[in-house]
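Heads up: the structure comes next, in structure tokens.
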Amino acid sequence: MAQKTVVIYTDDLTGEESSEATTHQLIIDGVAYEIDLAPESYDKLLEAVAPFTKAGRRVRGSRGKAPASRPAGGNKDTANIRAWAKEQGYNVNDRGRVPAEIREAYEKASK
Numbered sequence: 009m010a011q012k013t014v015v016i017y018t019d020d021l022t023g024e025e026s027s028e029a030t031t032h033q034l035i036i037d038g039v040a041y042e043i044d045l046a047p048e049s050y051d052k053l054l055e056a057v058a059p060f061t062k063a064g065r066r067v068r069g070s071r072g073k074a075p076a077s078r079p080a081g082g083n084k085d086t087a088n089i090r091a092w093a094k095e096q097g098y099n100v101n102d103r104g105r106v107p108a109e110i111r112e113a114y115e116k117a118s119k
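For the sequence shown, the working numbering puts the final residue at 119, and the numbers step up evenly by one.
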């Protein structure tokens with residue numbers, strides 16, 4: 009049986025499909041957030057936080073690690089993890105971040 013996996017990149021802010029969407033990470037009070045944004049939405053984010061980043065200090069280290077952009081969807085296994093999680097009865101969204109507990113369970117089951 010042949011299978012075809014289709015990945016659709018979606019801007020988390022607008023909900024619109026975008027082949028240019030990339031994942032961005034924000035860290036606020038030590039809590040990391042990831043969001044997939046098309047260039048237009050990313051520009052809006054930068055504009056919104058600009059007054060704060062200009063007044064703030066750049067921090068290096070584990071908590072203040074400068075985030076890097078990468079193609080939306082992050083890990084290539086995300087689609088496989090979602091499919092596995094649904095088969096196992098986990099409640100997992102079709103987009104956005106896969107919870108760490110589900111990733112850990114998938115990794116344990118894959119060993």
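Glycine included, C-beta positions come from ideal geometry on N, C-alpha and C. Source: prediction; values computed, not measured.
Label VAL106 either buried or exposed according to how many other C-beta atoms from any shown protein chain fall within 10 Å of its C-beta, with 16 as the threshold for buried.
-> Reading the sequence shown from its first residue, position 98 is the one you call residue 106. It counts as buried.
Return yes when the Cβ of ALA29 is within less than 8 Å of the Cβ of LEU45, no when it is not.
-> What you label residue 45 is simply residue 37 of the sequence shown in a count that begins at 1. What you label residue 29 is simply residue 21 of the sequence shown in a count that begins at 1. Going by C-beta atoms, LEU45 is nearer than 8 Å to ALA29.
Measure the CB-CB distance between VAL15 and ALA87 and report whether it falls below 8 Å.
-> Taking the first residue of the sequence shown as position 1, residue 15 is located at position 7. Taking the first residue of the sequence shown as position 1, residue 87 is located at position 79. Yes, the Cβ-Cβ distance between VAL15 and ALA87 is below 8 Å.
Excluding sequence positions up to five away, which residues of its chain have a Cβ less than 8 Å from the Cβ of GLN65?
-> Within the sequence shown, residue 65 is the residue found at index 57, counting from 1. One point to set straight first is that residue 65 is Arg, not Gln, in the sequence displayed. The answer is none, since no qualifying residue turns up.
Own chain, CB closer than 6 Å to TYR41, minus 5 neighbours either side, in chain order | In the sequence shown, counting from the first residue as 1, residue 41 sits at position 33. Only LEU34 meet the Cβ criterion.
Consult DSSP for VAL39 and reduce its assignment to one of helix, strand or coil.
-> On the sequence shown, residue 39 is found 31 positions in, with the first residue counted as 1. Of the three classes helix, strand and coil, the one that applies to VAL39 here is strand, per DSSP.
Measure from the alpha carbon of GLU115 to the alpha carbon of each residue in ILE89, ALA56, VAL57, then state which is nearest.
-> Looking up residue 115 in the sequence shown gives position 107. Among ILE89, ALA56, VAL57, the Cα nearest to that of GLU115 is on ILE89.
Reducing DSSP to helix, strand and coil, say where THR126 ends up.
-> Outside the modelled stretch of the chain, which goes from 9 to 119, sits residue 126, for which no answer is possible.
When DSSP labels each residue in this structure, what does LEU45 get in the three-state scheme?
-> Locating residue 45 in the sequence shown gives position 37, where the first residue counts as 1. Looking at LEU45 - three-state DSSP - the assignment turns out to be strand.
Which residues does DSSP pair with THR18 in a beta bridge?
-> Locating residue 18 in the sequence shown gives position 10, where the first residue counts as 1. Its beta-bridge partners are GLU25.
Taking just the CA atoms, how far does TYR17 sit from PRO47?
-> Here residue 47 refers to the residue found at position 39 when the sequence shown is read from its first residue. Here residue 17 refers to the residue found at position 9 when the sequence shown is read from its first residue. Computed Cα separation, rounded: 12 Å.
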